[in-house]
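Heads up: the sequence shown runs through residues 281 to 514, numbered per the working numbering. Even glycine gets a Cβ: it sits at the ideal position worked out from N, Cα and C. Take a look at the structure below.
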Amino acid sequence: MAGIAGSAHCVVMCGGLAGALSMRNRVATSPVRNAWGDASLYHVGRLGGYAMGGALFGLFGASLQSIVNLPMLATTARVVAGLLVVLAGVKVLFGLNGLAWIERLGARFWRLVQPIARGAASSSNSGRSLLLGLLWGWLPCGLVYSVLLLAALSGSGLRGAGTMLAFGAGTLPAMLSGSVLGGTVSRWLAVRRRRQLGGMALLLFGVWLAWAAIPTAEHAAHNGHPQVLAAIRN
281 MAGIAGSAHC
291 VVMCGGLAGA
301 LSMRNRVATS
311 PVRNAWGDAS
321 LYHVGRLGGY
331 AMGGALFGLF
341 GASLQSIVNL
351 PMLATTARVV
361 AGLLVVLAGV
371 KVLFGLNGLA
381 WIERLGARFW
391 RLVQPIARGA
401 ASSSNSGRSL
411 LLGLLWGWLP
421 CGLVYSVLLL
431 AALSGSGLRG
441 AGTMLAFGAG
451 TLPAMLSGSV
461 LGGTVSRWLA
471 VRRRRQLGGM
481 ALLLFGVWLA
491 WAAIPTAEHA
501 AHNGHPQVLA
511 AIRN
């Protein structure tokens, strides 16, 4: 749901990159080369990058289970993830970037891998295209970070990878089309009503994610979460 609802955000943020990468192969090789095939390589790599990040966060979250109050951590992380999705929706609706602070943190990591991306961009073979796509999945993005928080709560690396793959699959129709059709998809999504629809979907999804994460007193008692129950009562 986050991937589908966030498609407008993804195209606005990465549509130019998607079109440039797809055009790069066609210019470097042959104008008759299969545009959909070229774009698919990048997006297979991108989803692979998401899955790798989800696996790492899932393993990290699983490792914390024995040393922290997991129910309270899970509730807090899900609420934070919901708020990040809400901020992404506000960005699409009103152009207000409340995610800039977390994206700046991600940019520090991106500077470490940027030289690898430059090296991969120097060639147009399939392996380099997959590598570029994988690195693309690590570009700073507040919406991606919100889903990574959910991946961290999945309980294992495999489920964390699945969480991020599901998110990537939701973004795939818009991003793959944007890679091949370039500005056509961007212009289609730039229509105010369509952009507002996507932003509102993100906003509602974020609110639901945060609200659903807060356990009721009955649920906390039933599952034996005395710390959560005490926090609710207080």
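Does DSSP classify residue i as helix, strand or coil?
i: L379; result: coil
i: P351; result: helix
i: Q345; result: coil
i: I494; result: coil
i: C290; result: helix
i: L433; result: coil
i: L419; result: coil
i: M281; result: coil
i: G317; result: helix
Rank the options by C-alpha distance to the C-alpha of residue i and give the top, closest one.
i: V424; options: G333, G479, I494 and G399; result: G333
i: S409; options: L327, G440 and L433; result: L327
i: V366; options: G286, R475 and T451; result: G286
i: V370; options: P495, Q476 and L489; result: Q476
i: A492; options: L363, W316, Y322 and V348; result: L363
i: S320; options: A361, L412 and R391; result: L412
i: L482; options: T451, G437 and W416; result: T451
i: S434; options: L344, C294, W381 and V393; result: L344
i: A368; options: S426, L385 and A315; result: S426
i: W488; options: V360, F389 and A380; result: V360
i: A490; options: N377, A354 and N349; result: A354
i: M293; options: L379, L392 and L484; result: L379
i: G386; options: N405, W416 and A400; result: W416
i: A335; options: T443, R384 and A400; result: T443
i: G317; options: V348, Q394, N405 and E383; result: N405
Does the Cβ-Cβ distance between residue i and residue j come in under 7 Å?
i: A441; j: A331; result: yes
i: G325; j: L414; result: yes
i: L429; j: H323; result: no
i: G478; j: V372; result: yes
i: F337; j: A431; result: yes
i: W381; j: P420; result: no
i: S436; j: A342; result: yes
i: G283; j: F447; result: yes
Whole angstroms are fine: how far does the CA of residue j sit from the CA of residue i?
i: A288; j: G422; result: 14 Å
i: L297; j: G407; result: 18 Å
i: I512; j: M281; result: Confidence in I512 is poor, its pLDDT being 41 and thus under 50, which makes the residue's placement unreliable; the coordinate value appears in the next sentence. When rounded, the distance between both Cα atoms is 29 Å.
i: R398; j: W418; result: 14 Å
i: C290; j: F374; result: 15 Å
i: R439; j: I396; result: 28 Å
i: L461; j: N377; result: 27 Å
i: A400; j: A449; result: 24 Å
i: A315; j: G458; result: 11 Å
i: V348; j: E383; result: 27 Å
i: Q394; j: R388; result: 10 Å
i: A454; j: L484; result: 20 Å
i: M480; j: L392; result: 35 Å
Run the proximity test for residue i: is its beta-carbon closer than 6 Å to any non-hydrogen atom belonging to the ligand FAD?
i: G437; result: Here there are no bound small molecules, and the ligand FAD is not part of this structure.
Determine, for residue i, whether the minimum Cβ-Cβ distance to residues of chain D falls below 7 Å.
i: G329; result: No chain D appears in this structure, which consists of one protein chain only.
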